[in-house]
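Asker:
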Ligand code: NDP
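Numbering (the numbering used here), first residue to last: 5 to 485.
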């Protein structure tokens, strides 16, 4: 059984306590590796290593920093199949999805920020007859990155890449549920010649390792992606210490389908935006609002396509959905389906666990589920389920659908389907959402600001926003006469 290790000061090491935690393969429901059960003493060692490395790394020319990051990206790319298989085994997602989305995006994240930093400039402000200001943007020092299990290497690299490119040294924690590709990354970093201590990856439980990162006084900034409740806990500890915080949190995203949409495109993209990665993407559109004139037609076609979607083991090339990430997460999703029924909802398709055969018989599979007949303000329509479960609701006017779409505590992403340009812009303007996709979903340009409004987060990632987050601005005024 593979024993995953921490990556501290350039070495692969066990937790100081020697303790380990079981790591499950959710497609089989069995333990297949272990991770270090790290604690605050491991974070202390990682911070010490990062602090020692900072002088060297922050003074390394950005071209040389970028070159090492590109080397890391190239090695990952050359091992795409191994990384995709590891991601899929850890997470339960179809291997095809990991090979087409997760791993290529991790490679892009590293390459994007390795080169973005070469174009990153700070401002100067001229004052007529008085002098001028210039602003330095320098790396912060040691920063913390904490990421979730749904898109493991994709989101892990989305954080560490801008942090490293900007010249910081990093102490990072992947989710304890999906640690494998972060571990493979640490092996690649050694191979690519990343100087020791520049990146430290510490595995373990959120309330132990994540909490130790949050509390460490020498970690000056934290970039976190995860649930809103965890974000609240982190903010309550980090804010009084005046740490810089970027929080990318939960969502309950509306997918708004007007009667004048391109029906076939709306339908096929809605299949993806509902059930890709088993619905475990913070950007999935889990509340589908359909304009009444096409409600029945859309419902019929959507239910038929969903019922025909194959749920299967991750290596089945025909699998549209694989396993959900863990037993407890499966139970949470199933409990929400029960709640939806109690709240008066009708399950149109799905609604149950899928029992597989043979070696996959104990895996955590759920049939993609569509529910109708719920009010917009019931718990099922307000709380994040984070699984292959969507609700459908008819609407009669723009005002009504905007009121329902904006009714949750969240404001991460929204999708609008219409062929009417004015209506599309009007909706985009009025939706409480950090990201709006018109006639599309999950099209990402890495230069754009990424993040949510309301309880979906604080701050933005992506492009220069991320490089600004990971640098400290210092303004210098020079008197000219
Ligand atoms: P969690 O909030 O449970 O965990 C996220 C990370 O935080 C994990 O590494 C976790 O460790 C760690 N953690 C847990 N408790 C603490 C703590 N007290 N202090 C510090 N760190 C802690 O989220 P999930 O992993 O369950 O991910 C799903 C959530 O992430 C959903 O709400 C989803 O919407 C959100 N998300 C948001 C995105 C966005 O961009 N806005 C993108 C993707 C997901 P451990 O795994 O060991 O518990």
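Positions of the beta carbon are idealized from the N, C-alpha and C atoms, including for glycine.
#1: For residue 325 versus residue 349, is the C-beta distance shorter than 8 angstroms?
#2: Check whether the Cβ atoms of residue 369 and residue 327 lie closer than 8 angstroms to each other.
#3: Could you say if the stretch 116-129 and the stretch 146-153 meet the contact criterion of at least three C-beta pairs nearer than 8 angstroms?
#4: What does the alpha-carbon distance come out to for the pair residue 307 and residue 269?
#5: Please work out which residues of its chain come closer than 7 angstroms, Cβ to Cβ, to residue 330, disregarding the five sequence neighbours upstream and downstream, and give them in chain order.
#6: Could you check what DSSP says for residue 299 in three-state terms: helix, strand or coil?
#7: Between the stretch 32-48 and the stretch 152-168, do three or more beta carbon pairs fall short of 8 angstroms?
#8: Rounded to whole angstroms, what's the CA-CA distance from residue 412 to residue 256? Just pull it up for me.
#9: With 16 as the cutoff for other CB atoms within 10 Å, does residue 246 come out buried or exposed?
#10: Do residue 112 and residue 473 come within 8 angstroms of each other at the CB atom, strictly closer than that value?
#11: Less than 8 angstroms separating the beta-carbons of residue 101 and residue 77?
#12: So is the beta-carbon of residue 403 under 7 angstroms away from any non-hydrogen atom of ligand 1?
#13: My output table needs one value for residue 134: the three-state DSSP class, helix, strand or coil.
#14: Tell me which residues share the same chain as residue 423 and place their Cβ nearer than 7 angstroms to its Cβ, disregarding the 5 neighbours each side in the sequence.
#15: Please give me, in chain order, every unbroken run of the beta strand (DSSP E) with length at least 3 that falls completely inside the stretch 326-400.
#16: Mapping DSSP to helix, strand and coil, what is residue 213?
#17: Counting only C-beta atoms, is residue 377 closer than 8 angstroms to chain C at any point?
#18: Can you tell me whether residue 26 is helix, strand or coil according to DSSP?
#19: Identify whether residue 316 lies in helix, strand or coil by the three-state DSSP scheme.
#20: Does ligand 1 have even one heavy atom less than 7 angstroms from the beta-carbon of residue 153?
#21: Provide the residue(s) that pair with residue 446 in DSSP beta bridges, ordered along the chain.
#22: Take residue 98 as the anchor and find which of 433, 440 and 322 has the nearest alpha-carbon.
#23: Counting only the same chain and skipping the five closest in sequence on each side, list residues whose C-beta sits under 7 angstroms from that of residue 295.
#24: Per DSSP, what kind of secondary structure is residue 232 in: helix, strand or coil?
#25: Between residue 91 and residue 107, what straight-line distance do the alpha-carbon atoms span, to the nearest angstrom?
#26: Let me check you understand the geometry: is the CB of residue 209 closer than 7 angstroms to at least one non-hydrogen atom of ligand 1?
#27: Judging by CA-CA distance, which residue of 291, 274 and 343 is the nearest neighbour of residue 309?
#28: On the three-pair Cβ rule with 8 angstroms, is the stretch 177-194 touching the stretch 202-209?
#29: So does residue 215 have its beta carbon nearer than 7 angstroms to some heavy atom of ligand 1?
#30: What first and last residue would you give for the alpha helix (DSSP H) that runs through residue 176?
#31: Residue ranges of each alpha helix (DSSP H) run of no fewer than 4 residues wholly in the stretch 12-78, ordered along the chain?
#32: Is it the case that the CB of residue 390 approaches a heavy atom of ligand 1 more closely than 7 angstroms?
#33: Where does residue 139 land, buried or exposed, given buried means 16+ other C-beta within 10 angstroms?
#34: What is the DSSP secondary structure of residue 477, reduced to helix, strand or coil?
#35: Assuming residue 478 contacts residue 66 under a Cβ cut-off of 8 angstroms, what Cβ separation, rounded to an integer in Å, is found between them?
#36: Out of curiosity, what's the CA-to-CA distance linking residue 51 and residue 276?
Answerer: So, from the listed chains and residues:
#1: Contact: no.
#2: For residue 369 and residue 327, yes; Cβs fall inside 8 angstroms.
#3: Three or more beta-carbon pairs separated by less than 8 angstroms are not found between the stretch 116-129 and the stretch 146-153, which leaves the two stretches without contact.
#4: Between the C-alpha atoms of residue 307 and residue 269 there is a straight-line separation of about 16 angstroms.
#5: If the five residues before and after residue 330 are omitted, its C-beta is found closer than 7 angstroms to the C-beta atoms of 28, 30, 181 and 368, all from its own chain and listed in chain order.
#6: Residue 299: helix per DSSP, three-state reduction.
#7: Proximity of the stretch 32-48 to the stretch 152-168 falls short of the contact definition, fewer than three beta-carbon pairs being nearer than 8 angstroms.
#8: Our two residues, residue 412 and residue 256, have alpha carbons roughly 7 angstroms apart in a direct line.
#9: Sixteen is the threshold: since fewer than 16 other Cβ atoms of the shown chains lie within 10 Å of the Cβ of residue 246, the residue is exposed.
#10: Contact flag unset, no.
#11: Result no, Cβ atoms of residue 101 and residue 77 do not sit closer than 8 angstroms.
#12: For residue 403, the shortest C-beta to heavy atom distance toward ligand 1 is 7 angstroms or greater.
#13: Of the three classes helix, strand and coil, the one that applies to residue 134 here is coil, per DSSP.
#14: Result list for residue 423: 264, 265 and 266, in chain order.
#15: Within the stretch 326-400, the runs of beta strand (DSSP E) that reach at least 3 residues and sit entirely inside it are, in chain order, 350-353, 373-376 and 393-399.
#16: In the displayed model, residue 213 falls within a helix according to three-state DSSP.
#17: Chain labels in this structure do not include chain C; a single protein chain is all it has.
#18: DSSP places residue 26 within a strand segment (E or B) once states are collapsed to three.
#19: Residue state for residue 316 is assigned as coil, using DSSP reduced to three classes.
#20: Answer for residue 153: yes, Cβ within range of ligand 1.
#21: DSSP lists no partner for residue 446.
#22: Considering only alpha carbons, the answer is 322.
#23: Sequence-distant partners of residue 295 (beyond 5 residues in either direction) whose C-beta falls short of 7 angstroms from its own C-beta, in its chain, are 261, 262, 263 and 399.
#24: Here residue 232 sits in helix by DSSP.
#25: Residue 91 and residue 107 have their alpha carbons spaced roughly 8 angstroms apart.
#26: Distance from the C-beta of residue 209 to the nearest heavy atom of ligand 1 is below 7 angstroms.
#27: For residue 309, the closest alpha carbon among the candidates 291, 274 and 343 is that of 274.
#28: By the Cβ test, the stretch 177-194 is in contact with the stretch 202-209, since at least three Cβ pairs between them sit closer than 8 angstroms.
#29: The answer is yes for residue 215.
#30: It is not in any alpha helix (DSSP H) - residue 176 instead sits in the beta strand (DSSP E) that spans 173-177.
#31: When DSSP assignments are scanned along the stretch 12-78, the uninterrupted stretches of alpha helix (DSSP H) that are 4 or more residues long and fall wholly within it turn out to be 44-62.
#32: Taking 7 angstroms as the cut-off, the C-beta of residue 390 counts as close to a heavy atom of ligand 1.
#33: Exposed, by the Cβ-count rule.
#34: Here residue 477 sits in strand by DSSP.
#35: 17 angstroms between Cβ atoms; not a contact.
#36: Cα to Cα, residue 51 sits roughly 40 angstroms from residue 276.
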